[in-house]
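So the structure is just underneath, and the comments pick up after that.
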Ligand code: BEZ
């Protein structure tokens, strides 16, 4: 059994069609069918039910698919990693969610650069879901995101849980006042959530904070990104719930109030490819923790 047999079989199983799989693989259909036949002969079992439309896997086929996919992911990681190890000049490509840029990310990047001037740091703004794809495709080496998604090829470390705050325009009836606000005081306010896509996203974390408190906001408007939400808040179109780092944005027409609910926290996660043990990653993590230590921020205890 060769790797190409695995790739071909996974394509056929995912596309549920030999024609579409052949197109995806850029090969003709007869050689593809021959390869699958060879694979079945080699294993001595039937993987795809004969004469059934739409195409259906046998029990053995479903088992093979479930194990072939992680194997192919591992081969892909091995390739990316080997290329990375073999590179003479060092680079570290970092994906980050926009909110971290207004908080501690710049301090952490500066700390890393001071300690490791030989490493070129590249920064890419992307959502957590986009970071996971970019990690697997080797476009980034580290992701700083907010979703605790399960993916066996990704190693994640929970850095901390960040408090959420409410962003309002200064003339809003809830903008003044002492102390923080509770989610139940916000349910009748037009709520701006971001990003609209890809999901799940920070928008779902905000909505989950309401539902965990047994609440549902009356009006929810989904917007493309953080900056749009803040612009609309400044225009008096609604309120937004954001991580407290966003206060670093210093918008002239936006004020912030703390959220007191116990569910109003958003995690910050450090994600890397499972097999990637390059020193740059450990050094980046050390830079993160060194900024936390300077600011007296406790590290999360939970390890994911
Ligand atoms: C933080 O705010 O804790 C943070 C921001 C960017 C990267 C890592 C951590």
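In my numbering, the protein residues as written are 4 to 307.
A virtual CB, placed ideally from N, CA and C, is assigned to each residue, including glycine.
Computed from a prediction, not measured in an experiment: that's the story for all the values here.
Legend entry - Start-end ranges of the beta strand (DSSP E) lying completely within the region 82 to 164, minimum 3 residues: 94 to 99, 123 to 128 and 145 to 148
Inset, instruction - Give the single residue among 200, 269 and 97 whose Cα lies nearest to the Cα of residue 138. - result: 97
Legend entry - Delimiting residues of the alpha helix (DSSP H) encompassing residue 39: 32 to 46
Legend entry - Any non-hydrogen atom of ligand 1 within 7 Å of residue 145 CB: No, the beta carbon of residue 145 sits no closer than 7 Å to any heavy atom of ligand 1.
Legend entry - Those residues which DSSP pairs with residue 224 across a bridge: 195
Legend entry - Collapsed DSSP secondary structure at residue 274 in the structure displayed: strand
Inset, instruction - Please indicate yes or no: does the CB of residue 111 lie closer than 7 Å to some heavy atom of ligand 1? - result: yes
Inset, instruction - Return yes when the Cβ of residue 254 is within less than 8 Å of the Cβ of residue 233, no when it is not. - result: yes
Legend entry - Limits of the unbroken beta strand (DSSP E) element including residue 11: Residue 11 -> not in any beta strand (DSSP E); alpha helix (DSSP H) instead, spanning 6 to 18.
Legend entry - Per-residue DSSP class, three states only, for residue 170: strand
Inset, instruction - Please say whether residue 100 and residue 61 have beta carbons closer to each other than 8 Å? - result: no
Inset, instruction - With a threshold of 7 Å, establish whether the CB of residue 283 neighbours any heavy atom of ligand 1. - result: no
Legend entry - Three-state secondary structure assigned by DSSP to residue 184: strand
Inset, instruction - Please classify residue 27: does DSSP put it in a helix, a strand, or coil? - result: DSSP places residue 27 in the helix class (H, G or I) of the three-state scheme.
Legend entry - Burial state of residue 148, where buried means 16 or more other Cβ atoms lie within 10 Å: buried
Inset, instruction - Figure out for me which residue from 295, 180 and 286 has the closest Cα to the Cα of residue 110. - result: 295
Inset, instruction - Along the beta strand (DSSP E) that carries residue 243, what are the first and last residues, could you check? - result: 242 to 246
Inset, instruction - Check whether the Cβ atoms of residue 42 and residue 167 sit closer than 8 Å, and answer yes or no. - result: no
Legend entry - Top-ranked residue by Cα proximity to residue 31, from 44, 283, 11 and 48: Measuring from the Cα of residue 31, the nearest candidate turns out to be 11.
Inset, instruction - Look up residue 269 in the DSSP assignment and give the residues it is bridged to. - result: 165
Legend entry - residue 108: CB within 7 Å of a non-hydrogen atom of ligand 2: No copy of ligand 2 appears in this structure; the ligands present are ligand 1.
Inset, instruction - Select from 266, 301 and 298 the residue whose C-alpha is nearest the C-alpha of residue 210. - result: 266
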